[in-house]
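Asker: Using my numbering, you'd call the opening residue of the sequence shown number 74 and step up by one each time.
We put the beta carbon where it would ideally sit given N, CA and C, even for glycine.
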Amino acid sequence: MKKLITVLVLLLVVTGCTSNPASTSISDADTAIVTVNDKTVNKGQLYQMMKAQGIESTIVDLAKVTLVESLIEIDESIEARAQELLESNKEYLGDAFDQIIELNFGSEEEFVELQLIPAARQEALARIYFDENFDSIVAENKPREVMILSVDTTTDGNAIIKGLEAGEDVTGLLEEYGSENASSEPVIIASTSTVPAAMLTFIQEAEIDDISNEPIPDTSGDVYYVVKVLETDAEVLKEDYFSIYITNTTNMNAMYKYYFKKYNFNVYDQKLYDAIRNNKELGDFDPNN
């Protein structure tokens, strides 16, 4: 699980591009489009990134890259973290790693420069945001460590509930009543987790050692879950929760909204401004405010 979370840090890279000055044939390439934290993105840079995405998404992604680069310098800690990500990805992806490099990058060094360094810088900014806003993040997200035991029928689920309440060993209970891929590995669930609504409600209202009083159906109706709450203290869960928090797009967007407001995310072109504000996925980034 730890290895997977480390690999998922790659998902933090907002575009896979850097904001180096672009060489383009447009005449006004140096004209400012966006500023954030006194850093500027010009039309030349925008031109290079306008590919498959809508232009409003490109603008917001450019602002994200520019913000991170303006706040987080590339130092020894960033380079070391990028190397950790490199080794984790090699281990997790195995033989497929070399194929990915061959298909998408000129070399391993280019992969580190274009993907892992930006990922490490964004993770570093996320760490600052997470630590500075930890109390409000916990209040909103309510992280809990739980066991989620899957079963095929409510009868099996009720048998596990009865066994857990009697103090029986969970491994034995799963062997007898659990579904084929059932696991007792602890996981952290928060308000942004993708779980059935009834499960989330139980978890966020429960105390340590509470067990769901009945099997909770999956949305598919093909499987049921028995849940036991293991830990509710956010300070105890802090480090593990951070690793999960930064892989969630909603959480990362909350970070960017915070820093865009703090460092003045301005869009100077009226059509671009309107496109961002009218996009239901981007409007909350709220430029010019």
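Should residue 285 go down as buried or exposed, given a rule of 16 or more other Cβ atoms within 10 Å for buried?
Answerer: Stepping through the sequence shown from its first residue, residue 285 is reached at position 212. The residue in question, residue 285, is buried, as its Cβ has 16 or more Cβ neighbours within 10 Å.
Asker: Just checking my contact of residue 288 with residue 243 at CB under 8 Å: how many whole Å lie between their CB atoms?
Answerer: Position 215 of the sequence shown, counting from 1, holds the residue named residue 288. Position 170 of the sequence shown, counting from 1, holds the residue named residue 243. That pair is no contact at about 15 Å.
Asker: Measuring alpha carbon to alpha carbon, tell me which residue in 193, 134 and 246 is nearest residue 255.
Answerer: Translated into positions along the sequence shown, residue 255 becomes position 182. Ranking 193, 134 and 246 by Cα distance to residue 255 puts 246 first.
Asker: Out of curiosity, what's the CA-to-CA distance linking residue 104 and residue 115?
Answerer: Position 31 of the sequence shown, counted from the start, is the residue given in the question as residue 104. Position 42 of the sequence shown, counted from the start, is the residue given in the question as residue 115. Approximately 5 Å, taken between the alpha carbons.
Asker: Assess, as a yes-or-no matter, whether the stretch 125-142 is touched by the stretch 324-335 under the definition of 3 or more beta carbon pairs within less than 8 Å.
Answerer: The stretch 324-335, when compared against the stretch 125-142, does touch it at the 8 Å Cβ threshold.
Asker: CB-CB under 6 Å to residue 108, same chain, minus the five flanking residues each way: which ones, in chain order?
Answerer: The count along the sequence shown starts at 1 and reaches residue 108 at position 35. Closer than 6 Å at Cβ, skipping near neighbours: 339.
Asker: Is residue 281 near residue 268, with beta carbons less than 9 Å apart?
Answerer: For this step, residue 281 is matched to residue 208 along the sequence shown. For this step, residue 268 is matched to residue 195 along the sequence shown. Not a contact, by the Cβ cut-off of 9 Å.
Asker: Check residue 268 in the structure and name its three-state DSSP category.
Answerer: Stepping through the sequence shown from its first residue, residue 268 is reached at position 195. Residue 268: coil per DSSP, three-state reduction.
Asker: Is residue 108 helix, strand or coil when you go by DSSP?
Answerer: Walking along the sequence shown from the start, residue 108 turns up at place 35. In this structure, residue 108 counts as strand in the three-state DSSP scheme.
Asker: Helix, strand or coil for residue 259? Go by DSSP, reduced to three states.
Answerer: Along the sequence shown, read from residue 1 onward, the residue named residue 259 stands at position 186. Coil, per DSSP.
Asker: On the DSSP letters alone, give me the boundaries of the alpha helix (DSSP H) that residue 173 sits inside.
Answerer: Numbered from its first residue, the sequence shown carries residue 173 at position 100. Counting along the chain, the alpha helix (DSSP H) containing residue 173 begins and ends at 168-177.
Asker: Below 8 Å, how does it come out for the stretch 206-219 and the stretch 227-239: are there three or more Cβ pairs, yes or no?
Answerer: Cβ pair count under 8 Å is below three, so no.
Asker: Looking at C-alpha atoms only, which residue of 106, 111, 102 and 351 is the closest neighbour of residue 334?
Answerer: Mapped onto the sequence shown, residue 334 falls at position 261. Among 106, 111, 102 and 351, the Cα nearest to that of residue 334 is on 111.
Asker: With distances taken between CB atoms, is the gap from residue 321 to residue 265 smaller than 9 Å?
Answerer: For the purposes of this step, residue 321 is identified with residue 248 of the sequence shown, where counting begins at 1. For the purposes of this step, residue 265 is identified with residue 192 of the sequence shown, where counting begins at 1. Their beta carbons are under 9 Å apart, which means residue 321 touches residue 265 by this criterion.
Asker: Please return the same chain residues whose Cβ sits closer than 6 Å to the Cβ of residue 283, not counting the five positions on each side in sequence.
Answerer: As a position in the sequence shown, residue 283 is number 210, starting the count at 1. Cβ neighbours of residue 283 beyond the five flanking positions: 302.
Asker: Report all residues from its chain with a CB closer than 8 Å to the CB of residue 147; omit the five preceding and five following residues, and keep chain order.
Answerer: Position 74 of the sequence shown, counting from 1, holds the residue named residue 147. Once the five neighbours on either side are set aside, the close Cβ partners of residue 147 are 190 and 194.
Asker: Provide the residue span of the alpha helix (DSSP H) that contains residue 142, from first to last.
Answerer: Locating residue 142 in the sequence shown gives position 69, counting from the first residue. Start and end: 128-144.
Asker: Spatial neighbours of residue 151 within its chain, please: CB distance less than 8 Å, with the 5 preceding and 5 following residues excluded, ordered by chain position.
Answerer: As a working mapping, residue 151 is identified with position 78 in the sequence shown. Here the set comprises 145, 190, 193, 194 and 197.
Asker: With a cut-off of 8 Å on the beta carbons, I'd call residue 272 and residue 298 a contact; round off their distance for me.
Answerer: In the sequence shown, counting from the first residue as 1, residue 272 sits at position 199. In the sequence shown, counting from the first residue as 1, residue 298 sits at position 225. The pair is a contact, with the Cβ atoms about 6 Å apart (cut-off 8 Å).
Asker: Tell me the rounded alpha-carbon separation between residue 360 and residue 118.
Answerer: Start at 1 with the first residue of the sequence shown, and residue 360 comes out as number 287. Start at 1 with the first residue of the sequence shown, and residue 118 comes out as number 45. Those two C-alpha atoms are separated by around 19 Å.
Asker: State the Cα-Cα distance for the pair residue 248 and residue 258, rounded to the nearest angstrom.
Answerer: Within the sequence shown, the letter at position 175 stands for residue 248. Within the sequence shown, the letter at position 185 stands for residue 258. Whole-angstrom Cα-Cα distance: 14 Å.
Asker: Where do the N-terminal and C-terminal ends of the alpha helix (DSSP H) with residue 301 fall, by residue?
Answerer: Position 228 of the sequence shown, counting from 1, holds the residue named residue 301. No alpha helix (DSSP H) holds residue 301; the beta strand (DSSP E) holding it covers 297-304.
Asker: Quick one, are the C-beta atoms of residue 313 and residue 261 less than 9 Å apart?
Answerer: In the sequence shown, the residue the question calls residue 313 occupies position 240. In the sequence shown, the residue the question calls residue 261 occupies position 188. Cβ atoms of residue 313 and residue 261: closer than 9 Å.
Asker: Can you name, in chain order, every residue of its own chain whose Cβ lies under 6 Å from the Cβ of residue 345, other than the five neighbours on each side?
Answerer: In the sequence shown, the residue the question calls residue 345 occupies position 272. If we look at residue 345 and ignore the five residues flanking it on each side, its Cβ neighbours are 132.
Asker: Going by C-alpha to C-alpha distance, which of 143, 129 and 210 sits closest to residue 324?
Answerer: Translated into positions along the sequence shown, residue 324 becomes position 251. Measuring from the Cα of residue 324, the nearest candidate turns out to be 210.
Asker: For residue 218, write down the residues that DSSP places opposite it in a beta bridge.
Answerer: As a first step, residue 218 is located in the sequence shown; it is residue number 145 there, counting from the start. 261 and 304, per the DSSP bridge assignment.
Asker: Quick one: grab the DSSP three-state call for residue 150.
Answerer: In the sequence shown, counting from the first residue as 1, residue 150 sits at position 77. Three-state DSSP puts residue 150 in a helix.
Asker: Once the 5 residues before and after residue 163 are set aside, which same chain residues still bring their CB inside 6 Å of it?
Answerer: Along the sequence shown, one-based indexing puts residue 163 at 90. These residues qualify, in order along the chain: 170.
Asker: What are the boundary residues of the alpha helix (DSSP H) that includes residue 343?
Answerer: To locate residue 343, count along the sequence shown from 1; it is residue 270. That run of the alpha helix (DSSP H) goes 343-351.
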